[in-house]
Amino acid sequence: ADNEIKNILNKEYKETITIEDGIRLAIKALRRVLKKEFSLERIDGAYIREKERKFTKIDKSKFAKHQK
Numbered sequence: 594a595d596n597e598i599k600n601i602l603n604k605e606y607k608e609t610i611t612i613e614d615g616i617r618l619a620i621k622a623l624r625r626v627l628k629k630e631f632s633l634e635r636i637d638g639a640y641i642r643e644k645e646r647k648f649t650k651i652d653k654s655k656f657a658k659h660q661k
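For the sequence shown, our numbering assigns the number 661 to the last residue and increments by one with no breaks.
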C-alpha cells in the first residue's frame, strides 16, 4: 500500500500545488489504495510553508470539505 500511495503522489504532485490541492491529492491517494478501509477519521495532516518554516496542523473538518 505504501508504494501505491507513493506512486500516485509522485505521478500527480507538482511543485506549484496549493495546500488545498495537496489535501485533495492525499485523500484521493488514500481512498484509491485503502478502498473500503478508508476513513477520514483515520487521517491526520500538517504542512510547513517554505517561507514561514512553521508547522501547521490541519483541522479534521478541512478533510471532509475535500474528500471528493
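Even glycine gets a Cβ: it sits at the ideal position worked out from N, Cα and C.
Sequence-distant residues of its chain with Cβ nearer than 8 Å to residue i (five each side left out)
{"i": "L623", "result": "I598, F631 and I636"}
{"i": "H659", "result": "E613, I616, R617 and I620"}
{"i": "I641", "result": "K647, F648 and T649"}
{"i": "I610", "result": "L618"}
Beta-carbon spacing of residue i, residue j below 8 Å
{"i": "I616", "j": "K655", "result": "yes"}
{"i": "A594", "j": "V626", "result": "yes"}
Per-residue burial, residue i [other beta carbons within 10 Å of its own, 16 or more giving buried]
{"i": "I612", "result": "exposed"}
Residues near residue i by beta carbon distance below 7 Å, same chain, minus five either side
{"i": "A639", "result": "F648, T649, K650 and I651"}
{"i": "K629", "result": "none"}
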